[in-house]
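Student: Using the numbering used here, you'd call the opening residue of the sequence shown number 228 and step up by one each time. The structure's right below; bear with me while I get my questions together.
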Amino acid sequence: MTAVPVIDLGGFVDAPPDERARVAREIDDACRRVGFFTVTGHRIADSVVADLEREARRFFALPLADRMTVAMPEPGYPYGYAPPEAEALNRSIGGAALPDLKATFNVGPIDLPPRPAAEMEDPHERAVYSPNLWPATLATLRPAVENYYRAMSALADTLMEAFALALGLPADHFDGMIDQHGSALRLAHYPAIPPEVDLTDRFRAGAHTDYGTLTILWTDGQPGLQVLLPDAGWTDVDPVDGGLIVNLGDLMARWTNDRWCSTMHRVVPVPGAGDRLSIPFFHNANWNARIECIIDEGEVPRYSSTTAGRHLIEKFRSAQL
228 MTAVPVIDLG GFVDAPPDER ARVAREIDDA CRRVGFFTVT GHRIADSVVA DLEREARRFF
288 ALPLADRMTV AMPEPGYPYG YAPPEAEALN RSIGGAALPD LKATFNVGPI DLPPRPAAEM
348 EDPHERAVYS PNLWPATLAT LRPAVENYYR AMSALADTLM EAFALALGLP ADHFDGMIDQ
408 HGSALRLAHY PAIPPEVDLT DRFRAGAHTD YGTLTILWTD GQPGLQVLLP DAGWTDVDPV
468 DGGLIVNLGD LMARWTNDRW CSTMHRVVPV PGAGDRLSIP FFHNANWNAR IECIIDEGEV
528 PRYSSTTAGR HLIEKFRSAQ L
């Protein structure tokens, strides 16, 4: 039995009510205890994953000059290329860790925003819909990213439906609050680490929690991802063939009044390991979605009412160097 539960989502999609309820109970248990689980039976086509893996590796193999043509143009710009050691995720939770040993390429919403930018009073909301940047020397990257983004968005819809049932709510409870989500996709490349590099207090990704509703993570199976569990400390997340790792973000923990947990995690450098590729999809609720604590009868809300949007970009920018 692994520390991170494995849940067959095939028992939820197009299944009879009793089977859907069983999967929802498994999800509720995983979200209460761990805040992480791995889904199989998710119905994401192998070709969609393989295409993006191939194009991501091609992107990070481009000459630096080509990658820098799509570098984030200014501090805090959310999308584009960030070279190695340009981010320290641990700082998003107030830590002081050294910069992360990784490079990233970040993509935001791929469809038009729900309304014109001129009507968005909050500059943080306008930032969510900043233009994506695409390298001219790798035209095949964009379609692979967009196909994968749409597949992850559909999977997130299914997971949020399962979340609703797990919380004892109607299956469509979250629908109107995620139908215009401004989610983000990240290609993360962790270069191989030469033997002479001093790894004291260094991380490929520093300890942090995610910010939104949920994250769906594909990895190439290389070791290094760890979660912080109350009874076991830092614990390796074992890869599952064909599985996708799901973890909750801070917003979902708040939304459930801490019934569910947003768990600290990190990526450690493993001696002798080569380069590593991972692709997280950071799902968010609609910018203006009203977040009211979901509570049981007699329970007191731990958090005041808020909207989903405001803290997302602020936390993102807090991790930038």
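For glycine and all other residues, C-beta sits at the position ideal for the given N, C-alpha and C. Keep in mind it's a predicted model, so treat the numbers as computed, not measured.
Assuming the contact rule is C-beta atoms closer than 8 Å, P300 and A330 should be a hit. Round their C-beta distance to whole Å, please.
Tutor: At roughly 17 Å, the Cβ-Cβ gap does not stay under 8 Å, so P300 and A330 are not in contact.
Student: Any idea what DSSP makes of W461, helix, strand or coil?
Tutor: W461 falls in the strand class under three-state DSSP.
Student: Tell me, please, which residues DSSP counts as bridged to F263.
Tutor: Note: F263 sits in a beta bridge opposite N474.
Student: Evaluate the contact criterion for the segment 452 to 463 versus the segment 486 to 506: three or more CB pairs, one atom per stretch, below 8 Å.
Tutor: Result yes; three or more Cβ-Cβ pairs closer than 8 Å.
Student: Quick one: what does DSSP say A383 is sitting in, helix, strand or coil?
Tutor: A383: helix per DSSP, three-state reduction.
Student: Roughly how far, in whole angstroms, is the beta-carbon of F332 from the beta-carbon of L414, given that I think they are within contact range, below 8 Å?
Tutor: Their Cβ separation, rounded to whole angstroms, is 4 Å, which keeps F332 and L414 in contact under 8 Å.
Student: Considering only their Cβ atoms, is the gap separating P466 from G439 smaller than 7 Å?
Tutor: Taking 7 Å as the Cβ cut-off, G439 and P466 do not qualify as a contacting pair.
Student: By DSSP, does F401 sit in helix, in strand, or in coil?
Tutor: Coil at F401, not helix or strand.
Student: Between V297 and L360, is the Cβ-Cβ spacing less than 7 Å?
Tutor: In contact: V297 and L360 (Cβ atoms closer than 7 Å).
Student: Identify every residue that forms a DSSP beta bridge with F332.
Tutor: DSSP, once it has assigned bridges, lists Y308, L414 as partnering F332.
Student: For R493, write down the residues that DSSP places opposite it in a beta bridge.
Tutor: Its beta-bridge partners are Q453.
Student: On a CA-only basis, which of D384, P362, D278 is nearest L236? Give me that one, please.
Tutor: Ranking D384, P362, D278 by Cα distance to L236 puts D384 first.
Student: Residues in the same chain with beta-carbon distance under 7 Å from S380, minus the five sequence neighbours each way, listed in chain order, please.
Tutor: Excluding sequence neighbours, S380 sits near S410.
Student: Per DSSP, what kind of secondary structure is E314 in: helix, strand or coil?
Tutor: E314: strand per DSSP, three-state reduction.
Student: To the nearest angstrom, report how far apart R429 and A315 are at their CA atoms.
Tutor: Distance between the alpha carbons of R429 and A315 is about 10 Å.
Student: Determine the direct distance from the alpha carbon of F264 to that of M228, and round the result to whole angstroms.
Tutor: The predicted position of M228 is uncertain, since its pLDDT is 48 and thus under 50; no value can be drawn from it.
Student: Inspect the beta-carbon positions of V513 and M404 and report whether they are closer than 7 Å.
Tutor: First, the residue type needs correcting, since residue 513 is Asn and not Val in the sequence shown. Yes, they are a contact pair.
Student: Just checking, does the segment 417 to 429 make contact with the segment 520 to 530 on the three C-beta pairs under 8 Å criterion?
Tutor: Too few Cβ pairs lie closer than 8 Å, so no.
Student: Which residues mark the beginning and the end of the beta strand (DSSP E) in which R486 is found?
Tutor: Note, R486: premise wrong, no beta strand (DSSP E); not H, not E.
Student: With T436 and S357 assumed to form a contact (beta carbons below 8 Å), what rounded beta-carbon distance in angstroms separates them?
Tutor: Between S357 and T436 the Cβ distance is about 24 Å, and since that is not below 8 Å, they are no contact.
Student: Among Y375, G499, N474, which one has its Cα closest to the Cα of W487?
Tutor: Ranking the options by Cα distance to W487, first place goes to N474.
Student: If you check the beta carbons only, do A631 and A230 fall under 7 Å apart?
Tutor: As displayed, the chain neither begins before 228 nor continues past 548, which places residue 631 out of reach and without an answer.
Student: Leaving out five residues before and five after G238 in sequence, what residues of the same chain have Cβ atoms less than 6 Å from its Cβ?
Tutor: Excluding positions up to five away in sequence, the list reads E246, V250.
Student: Going by DSSP in three states, A389 sits in which element: helix, strand or coil?
Tutor: Reduced to three states, the DSSP call for A389 is helix.
Student: By DSSP's criteria, S505 is part of a beta bridge. Which residues make up the other side?
Tutor: Looking at the DSSP assignment, S505 forms a beta bridge with A415, T446.
Student: Quick check: the Cα distance between L452 and L412, rounded to an integer number of angstroms?
Tutor: Each residue's Cα considered, the two are about 18 Å apart.
Student: Determine the direct distance from the alpha carbon of T483 to that of R260, and round the result to whole angstroms.
Tutor: Rounded to whole angstroms, R260 to T483 spans 14 Å at the Cα level.
Student: Suppose the cutoff is 8 Å on Cβ atoms and the five residues either side in sequence are ignored; what does the same chain contact list for A344 look like?
Tutor: Answer for A344: R353, Y356, listed in chain order.
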